[in-house]
Amino acid sequence: MLAEFEGTVSGHRDGHGFVLRDDGEADIYLPPNEMRAVLHKDRVKARIVRHDRKNRPEGRVTEIIERSPNPIIGRLLQESGVWLVAPEDKRYGQDVLIPKGAIGTAKPGQIVVVQLTEPPALFGQPVGRVKEVLGEIDDPGMEIEIAVRKYGVPHEFGDAALALARTLPDAVRPADKKGRVDLTDIPLVTIDGEDARDFDDAVYCEPAKVGRGKGWRLLVAIADVSHYVETGSAIDIDAYDRATSVYFPRRVIPMLPEKLSNGLCSLNPNVERLCMVCDMLVNAKGEVHAYQFYPAVMFSHARFTYTEVAAILANTRGPEAAQRKALVPHLLDLHDVYQALLKERGVRGAVDFETTETQIVCDEAGRIEKIVPRTRNVAHRLIEESMLAANVCSADFISGSKHEGLFRVHEGPTPEKKDILRTYLKALGIGMTITENPAPGEFQQIAMATKDRPDAMQIHSMLLRSMQQAIYTPMNAGHFGLAYEAYTHFTSPIRRYPDLLVHRVIKAVLTKSRYQLPVLPTPGEAEAKLSKRLASRVTEPDQKPKKPTADQLAWQAAGLHCSANERRADEASRDVEAWLKCKYMREHLGEEFGGVVTAATSFGIFVTLDAMYVEGLVHITELGGEYFRFDEARQELRGERTGIRYAIGTRVRVQVSRVDLDGRKIDFRLVREGEELVARAMKDKAGGRTSDLPEQERALPRKASEQRGGKRDDKRAGKGTEQRAGAREGSAAGSRTAKSPIQALKAAVKKSAASAGRKQSKKPRR
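By my numbering, the letter at position 429 of the sequence shown is numbered 434, and the numbering carries on one by one without gaps.
What follows is the structure, given as structure tokens:
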């Protein structure tokens, strides 16, 4: 009898799905006929019945353990008198039938939330009732309303949490200051973005003698959320459930009620606030020589923006500096310690790739006005290095205390990813590679050595992809990317629950007590997926795994929960951004843009537009009239006839051809392919000059629209037009039927032979 496995159904847009097995083994493929009786996120038992032609283990569902309790969001439609809801998440794969009496006040075309009343069956669709009407698809903010429900993001605080928040004071009380260091005379300042609403960190720096040499005293003060949010309270339960704030364009779903996140726990200027301080001595080499933690009360002397600080550091006699004259010396000290910390970062070999992040700028109605790159200046990096130093001290403090806590762990590349990266570097002829047990510095050295190459973007992208995602776990394994032996998150307790837990542990250690986690819910589906990673890496072969204590299991569950909800927040944010970009690009259908290839796959290339930072797919059928083969080692598509290559970093010009708002997909087609690129590829392929090649091989590859017999825009065809027209001669007059390269070549040969025959017949007979 074949073994049965438990897992969670993951639907796909093309009708099939997978069972994500709990044991971490290969996922089981479910063909469309097996997906009829189950829905995305159902818990099932399944068994492998065979392997398909792609060698995937194909399975059959033997038992449905639990139906997903999540509601389905979609558009209400009426077809031939029948009401149904088309799910917004295409992974569900089936429309939901709605009885006439179960539509409530909803109207056709509106976005609704549906609760299932009857599950699907092999020969029957699921049935449900309208639970909530969200509104029209074009209503401002609708994309966020959809995303928070689609991904199960808690977006409303419980009544108990809101009631408790109302009982909190509006300002720091005298009783709150007991047992705290008074730092109100220290000119601590906050430095954040222009649009920031909550300020959870403040900094101050002054020169100091460290050992026998020069150095600095660096203070990082963080809002003391743990003073107001007690373990197990109603606010704490809601905060744990959310685990993180979720950031959308024009809207934030905070982890804490507004009275805390924008009031009591926000380090606003010119008011007293409670804080936890990491007080560090940094030497001239950028090493933290000593540190201490203590609770304090502070008074922010100014609210700076990154732009303002960068301007002051660039010109200490400018207008920005004149307005902040008393604080300029402290900003210069901060810059000095930053340069020392940056130098130490280079010594330890931390990975430091510059990537382009974008910001969506919306109008009052919530529509995109423009998409602009987020530029990082010296002020961003100054704050970043200060926060990293405080986080490292926090991790060292917790690990030295032998107290359980959460670390931010970033593991090195898996063996599979190492092999892929080595093969890729070798295929590109880069005379550098990574060792079997690579250090972060090896990645940084490759990045520095290739930064001036034309394909630097492609190489750096592959270096980043070879690394794993960071997670929260009580088992410290270091942070690979930052090259730290121990690292945690201490600096943002307003918006991250792990930071709040770190604060509580530090306070417990300072008071020589022990922090006890509250009773936490059993890890769910998302946490189960992450637990596979933890289970796969723990001990050496000759070591027996130790049985974890109840305390360790609780901390592991908390880490998994926070990691999974961090992923959930990222997915919801990306979903909203993708929706907004699709809606934005609908206004640009048919327009042409320059762009760069950001990924190559077996089914096409992804292109990011230069001006708009929007990514779309050029399907392989749109690449031209030849067969393209995907080279996994080089991560590129290559034409077998011309040798033209499309790899990460290749510049192309595309036209917006299709936008699927529901599927969050944008399709491009290539236009005006670079003749030099094709000619060079042909020359490399032939090993000689392009003028030595047949006329048909010198021509640009025809666009897919021509191959399908579509009309051609001769203005876009450029110099290759006449060559393509010559290759089509010999066909019936007026015919638009496209020929393959072989057919065109045969037609040209036949025409040449016919012409020679006619000349021969016209010669006078002797």
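All residues carry an ideal CB built from backbone N, CA and C; glycine is no exception.
Just so it is clear, the structure is predicted and the values come from calculations on it, not from any experiment.
>> I need the straight-line Cα distance from Gly417 to Ala228, nearest angstrom please.
In response: Annotation: Gly417 to Ala228 spans about 32 Å, alpha carbon to alpha carbon.
> Going along the chain, which residues of its own chain have a beta-carbon closer than 6 Å to the beta-carbon of Ala559, five neighbours each way excluded?
Replying inline: Leu522
>> To the nearest angstrom, how far is the alpha carbon of Arg178 from that of Phe495?
In response: 25 Å
>> Let's test the definition: count the other Cβ atoms within 10 Å of the Cβ of Phe162 and tell me whether it reaches 16, buried, or not, exposed.
In response: buried
>> Does the structure place the stretch 465–483 close enough to the stretch 557–577 that three or more beta carbon pairs sit under 8 Å?
In response: yes
> Exposed or buried, which one is Leu127 when buried takes at least 16 other CB atoms within 10 Å?
Replying inline: exposed
>> Going by DSSP in three states, Arg646 sits in which element: helix, strand or coil?
In response: coil
>> Judging by CA-CA distance, which residue of Thr440, Pro443, Ser466, Glu441 is the nearest neighbour of Ala452?
In response: Ser466
>> I'd like to confirm the pairing. Which residues does DSSP put opposite Phe673 in its beta bridges?
In response: Val623, Val661
> Quick one, are the C-beta atoms of Val581 and Pro254 less than 8 Å apart?
Replying inline: yes
> Can you tell me whether DSSP reads Ser15 as helix, strand or coil?
Replying inline: strand
>> For the structure I just gave you, are there three or more beta carbon pairs, one from the stretch 108–125 and one from the stretch 42–56, closer than 8 Å?
In response: Yes, the stretch 108–125 is in contact with the stretch 42–56.
> How would you write the range of the alpha helix (DSSP H) that Glu349 sits in, first residue to last?
Replying inline: 333–353
> Which of helix, strand or coil does DSSP assign to Pro92?
Replying inline: In the three-state DSSP reduction, Pro92 falls in the strand class (E or B).
>> Please report the distance separating the alpha-carbon of Glu620 from that of Met392.
In response: 32 Å
>> According to DSSP, is Phe608 part of a helix, a strand, or is it coil?
In response: Here Phe608 sits in coil by DSSP.
> Thinking C-beta only, is Ala301 closer than 8 Å to Leu188?
Replying inline: yes
>> Checking 8 Å against the spacing of the C-beta atoms, do Val383 and Lys375 come in under that value?
In response: no
> With a cut-off of 8 Å, do at least 3 Cβ pairs link the stretch 335–347 to the stretch 229–247?
Replying inline: no
> So the beta strand (DSSP E) Phe633 belongs to, where does it begin and stop?
Replying inline: 633–636
>> I need the boundaries of the alpha helix (DSSP H) containing Tyr502, first residue and last residue.
In response: 502–515
>> Could you tell me the alpha carbon to alpha carbon distance between Lys264 and Ala513, rounded to whole angstroms?
In response: 26 Å
> Buried or exposed: Thr70, going by 16 or more other Cβ atoms within 10 Å of its Cβ?
Replying inline: The amino acid occupying residue 70 in the given sequence is Ile; Thr does not appear at that position. Counting Cβ neighbours within 10 Å, Ile70 comes out exposed, since fewer than 16 surround it.
>> Pull the bridge partners of Asn288 from the DSSP assignment, please.
In response: Gly220
>> Quick test of the definition: if touching needs 3 or more C-beta pairs under 8 Å, does the stretch 153–169 touch the stretch 268–279?
In response: Using a C-beta cut-off of 8 Å, the stretch 153–169 makes no contact with the stretch 268–279, since fewer than three inter-stretch Cβ pairs fall below that distance.
> Can you give the Cα-Cα distance for Gly446 and Arg372, rounded to whole angstroms?
Replying inline: 43 Å
> Does the Cβ of Gln99 have 16 or more other Cβ atoms within 10 Å, making it buried, or fewer, making it exposed?
Replying inline: buried
>> Less than 6 Å between C-beta atoms, sequence neighbours within five positions excluded: which residues of the same chain meet that for Lys422?
In response: Ser471
> How would you call Asn38, buried or exposed, if buried means at least 16 neighbouring beta carbons within 10 angstroms?
Replying inline: exposed
> Do you know whose CA, among Val117, Arg674, Val90, lies nearest Gln130's CA?
Replying inline: Taking only the C-alpha atoms, the option nearest Gln130 is Val90.
> Looking only at C-alpha atoms, which of Leu642, Leu318, Leu585 sits nearest to Tyr632?
Replying inline: Leu642
>> Would Val215 and Ala207 be called neighbours here (beta carbons separated by less than 8 Å)?
In response: no
> Just checking my contact of Ala482 with Val414 at CB under 8 Å: how many whole Å lie between their CB atoms?
Replying inline: 5 Å
> Do Asp401 and Ala491 have their C-beta atoms within less than 8 Å of each other?
Replying inline: It is a contact, given that the beta carbons lie within the stated cut-off.
> Considering only residues of the stretch 142–190, which uninterrupted beta strand (DSSP E) runs meet the minimum length of 3 residues and lie entirely inside it, listed in chain order?
Replying inline: none
> Going by the beta-carbon positions, is the gap between Val158 and Arg572 smaller than 8 Å?
Replying inline: It is not a contact, given that the beta carbons lie outside the stated cut-off.
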